[in-house]
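Protein chains in written order, with our numbering: chain S, 3 to 301; chain B, 2 to 336.
If you want it as structure tokens, here you go:
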């Protein structure tokens, strides 16, 4: 990962989109400094939350921000929950860790389970994780994340493993929580559909860099970076004739260990010029609400 | 549409014994056919029986009741006929042996099926197969871990093609791949179909992909086909409330349109109980359906035509056909 600037504004919905290995999960994990050091090293830069520098905090200070102010929901709920504890125990424990008194926590537990759309919150509360389906577990994770009313919810591909109707219920649920509480939401995803429907602003990542930052409308109507253009072009969209050839990107993402100088996309880029091999492009203005890391963008 | 039927499933049922209870009915009276050089898309959520159907079609398992015929002959395990129909799995890495090279994996198939009598013949056939899936001969000596996901899936497809099948059953062939690679595999499959006159059964939960490659689409719910017809009709003007919900649930990669909120009305989950909520008599979708009426609890809806080529298993849709074709999407009001 190199030179990633990520800013989330209060109450906004941000999407971070990229393919596997593009660094999108690393980016959000490093925001909360959840990566083990070594092997992962924060080499520079700052992480600021509400004016405080998270990169400079000690573990104790950090713990008060993690979960309480910025909560996270991961792809695999089974590996984030303790299989030996009842759902309610885990939700109440999380709240107590952030200083919520026990009886308030108990009441709030029932409330959030109801809030995430559980038809029978009391039954779910006493259940063990293995007794619940994937969709229900993901709701439990969201309940746990929102129990302490965080200001930011980071969702790292939380719907990937779920069926489409269940995935939709989770997406709509987070959308509803965003609307009622005003918490900011960061969706980390590879799904351009989620981006188009559920966020206001998008960061596109490629080989550990942000290659485009734009409003959702701009990204789909006038994608600026050749990688974004190709990514949108690969989708079988309504306009594409039945069985017609879809856009192929060709080649493969570069090995992050062997990135030289120049633009990381140049080998797969249809419009690369000499300069792209020598100089890595910074984010340049590409339109009204967009910037793209490409020498060929026309502002 | 008319043409030779290469694959015919008739009233196929599959039951699995369950410990301490009645058998689980994974497929219930599935009747489907695939025409030569065409694609049948099968969509549905986990537990709908689409993977069971795939395994029955290639003869990995046998139906409890009903018949599957390939090229006009009943499918029996181990018969040479099984060669006519091959299966391609979702995850290419788990279907390739990590310890053998690409060339070896392909040669193995040729040896097992006694194709090519000499080593040289087999070697040139391997190169030919790699050419078919657009992999250069320099990949011959690679091991699976040296391949990208897209390349590994090409090898898996080449291996399926080694025995010159007439039909490929593709079980989520692009789901494990990155977005940028999916288009590559879809393009390859379309080209191979035209080049080799292949028929496909394309199983996926990705409706946009299925729509792009399929001629006919079957929507499955709890082991039954609930809607069947030409791709445009089934996905653009779905009649079954489940098809509508499924089509609306997928976030469309176009910020100017959004799902019709009325189409999204669906509750519960598909695999809540393997025994459908309508019990033995009613509609399997009863418990999740926003349109359900009294008759839906009493009578199992049969798959019946709503248009000449378009069938649907829904009492409500069949009684009031084509109120107004409602798509799963609506325009988004400019904000």
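We put the beta carbon where it would ideally sit given N, CA and C, even for glycine.
Small disclaimer: the values here were computed from a predicted structure and weren't measured.
What did DSSP end up calling residue i once you bin it into helix, strand or coil?
i	result
residue 21 of chain B	coil
residue 246 of chain S	coil
residue 234 of chain S	helix
residue 182 of chain S	helix
residue 164 of chain B	coil
residue 2 of chain S	Shown here, chain S extends from 3 to 301; a query on residue 2 of chain S therefore has no answer.
residue 1 of chain B	In the structure as shown, chain B begins at 2 and stops at 336. Residue 1 of chain B is therefore absent and cannot be evaluated.
residue 176 of chain B	coil
residue 68 of chain B	strand
residue 74 of chain B	strand
residue 273 of chain S	coil
residue 42 of chain B	strand
residue 17 of chain S	strand
residue 226 of chain B	strand
residue 299 of chain B	helix
residue 88 of chain S	coil
residue 120 of chain S	coil
residue 332 of chain B	strand
residue 320 of chain B	helix
residue 239 of chain S	coil
residue 191 of chain S	strand
residue 231 of chain B	strand
residue 300 of chain S	coil
residue 155 of chain S	strand
residue 59 of chain B	coil
residue 250 of chain B	helix
residue 72 of chain S	strand
Kindly identify the DSSP beta-bridge partner or partners of residue i.
i	result
residue 6 of chain B	B:36
residue 15 of chain B	B:28
residue 50 of chain S	S:55
residue 86 of chain B	B:168
residue 243 of chain B	Per DSSP, none; premise fails for residue 243 of chain B.
residue 302 of chain S	Missing from the structure shown is residue 302 of chain S; chain S here goes from 3 to 301 and no further.
residue 311 of chain B	B:308
residue 203 of chain B	B:42 and B:171
residue 207 of chain S	S:212
residue 226 of chain S	Answer by DSSP bridge pairing: none, since residue 226 of chain S is not bridged.
residue 218 of chain B	B:42 and B:230
residue 260 of chain B	B:330
Buried or exposed: where does residue i fall if 16 or more other Cβ atoms within 10 Å of its Cβ makes it buried?
i	result
residue 223 of chain S	exposed
residue 302 of chain S	The displayed coordinates of chain S run from 3 to 301. Any statement about residue 302 of chain S would go beyond what the structure contains.
residue 17 of chain B	exposed
residue 122 of chain B	exposed
residue 292 of chain S	buried
residue 32 of chain S	buried
residue 210 of chain B	buried
residue 274 of chain B	With a pLDDT of only 41 at residue 274 of chain B, under the threshold of 50, the placement of this residue in the model should not be trusted; the figure read from the coordinates follows. The residue in question, residue 274 of chain B, is exposed, as its Cβ has fewer than 16 Cβ neighbours within 10 Å.
residue 26 of chain S	buried
residue 263 of chain B	exposed
residue 51 of chain B	buried
residue 104 of chain S	exposed
residue 279 of chain B	Caution is warranted here: a pLDDT of 49 is assigned to residue 279 of chain B, below 50, making its placement in the model unreliable, and the coordinate value is therefore given only provisionally. Flag for residue 279 of chain B reads buried.
residue 245 of chain B	buried
residue 50 of chain S	exposed
residue 62 of chain S	exposed
Which residues in chain A sit within 8 Å of residue i, going by Cβ to Cβ distance?
i	result
residue 239 of chain S	Protein chains in the displayed structure are S and B, and chain A is not among them.
Q) Going along the chain, which residues of the region 209-220 of chain S sit with their C-beta nearer than 7 Å to a C-beta in chain B? A) Answer in chain order: 218 and 219.
Q.
Under 8 Å, with one C-beta from each stretch per pair, do the region 215-227 of chain S and the region 112-128 of chain B reach the 3-pair mark?
A. Contact fails: fewer than three Cβ-Cβ distances are below 8 Å.
(Q) Pairs of beta-carbons, one from the region 178-189 of chain B and one from the region 217-230 of chain B, closer than 8 Å: are there three or more? (A) no
Q.
Any C-beta of chain S within less than 7 Å: which residues of the region 142-161 of chain B qualify?
A. 149
Q: Report the residues of the region 28-60 of chain B with a CB closer than 8 Å to any CB of chain S, ordered along the chain.
A: 46 and 47
Q: Could you tell me whether the region 273-289 of chain S touches the region 25-41 of chain B, using the rule of 3 or more Cβ pairs below 8 Å?
A: No: fewer than three Cβ pairs fall under 8 Å.
Q: Taking only beta carbons into account, state which residues of the region 245-273 of chain S come closer than 7 Å to chain B, listed in chain order.
A: 245, 247, 248, 249, 250, 251 and 254
**Q.** Touch test, the region 70-77 of chain S against the region 141-150 of chain S, Cβ-Cβ under 8 Å, three pairs minimum
**A.** The region 70-77 of chain S vs the region 141-150 of chain S: in contact.
Q: Report the residues of the region 239-269 of chain B with a CB closer than 7 Å to any CB of chain S, ordered along the chain.
A: For the region 239-269 of chain B, residues whose beta-carbon sits nearer than 7 Å to a beta-carbon of chain S comprise 246, 247, 250, 251, 252, 253, 254, 255, 256, 259, 265 and 267.
(Q) Residues of the region 3-19 of chain B in Cβ contact with chain S at a cutoff of 8 Å, in chain order, please. (A) none
Q | Stretch-stretch touch, CB-based, cutoff 8 Å, three pairs: the region 20-33 of chain B with the region 250-266 of chain S | A | These segments do not touch.
Q. Are the region 15-27 of chain S and the region 191-203 of chain S in contact at 8 Å, needing three or more beta carbon pairs?
A. yes
(Q) Taking beta-carbon pairs under 8 Å, can you tell me which members of the region 183-200 of chain S lie near chain B? (A) 192, 193, 194, 195, 196, 197, 198, 199 and 200
Q. Would the region 222-229 of chain B and the region 198-213 of chain B be scored as touching if the rule is three or more Cβ pairs under 8 Å?
A. The region 222-229 of chain B, when compared against the region 198-213 of chain B, does not touch it at the 8 Å Cβ threshold.
Q: Compile a chain-ordered list of the residues in the region 165-187 of chain B whose CB is closer than 7 Å to at least one CB of chain S.
A: 179, 180, 181, 183, 184, 185 and 187
Q) Using Cβ-Cβ distances below 8 Å, what residues of the region 168-183 of chain S are close to chain B? A) 168, 169, 170, 173 and 174
Q: Decide yes or no for the touch test of the region 87-98 of chain B against the region 158-169 of chain B: beta carbon pairs closer than 8 Å, at least 3 of them.
A: yes
Q. Does the region 146-158 of chain B come close enough to the region 70-77 of chain B that 3 or more CB-CB pairs lie under 8 Å?
A. no
**Q.** Proximal residues, the region 92-123 of chain S versus chain B, C-beta separation under 8 Å
**A.** none
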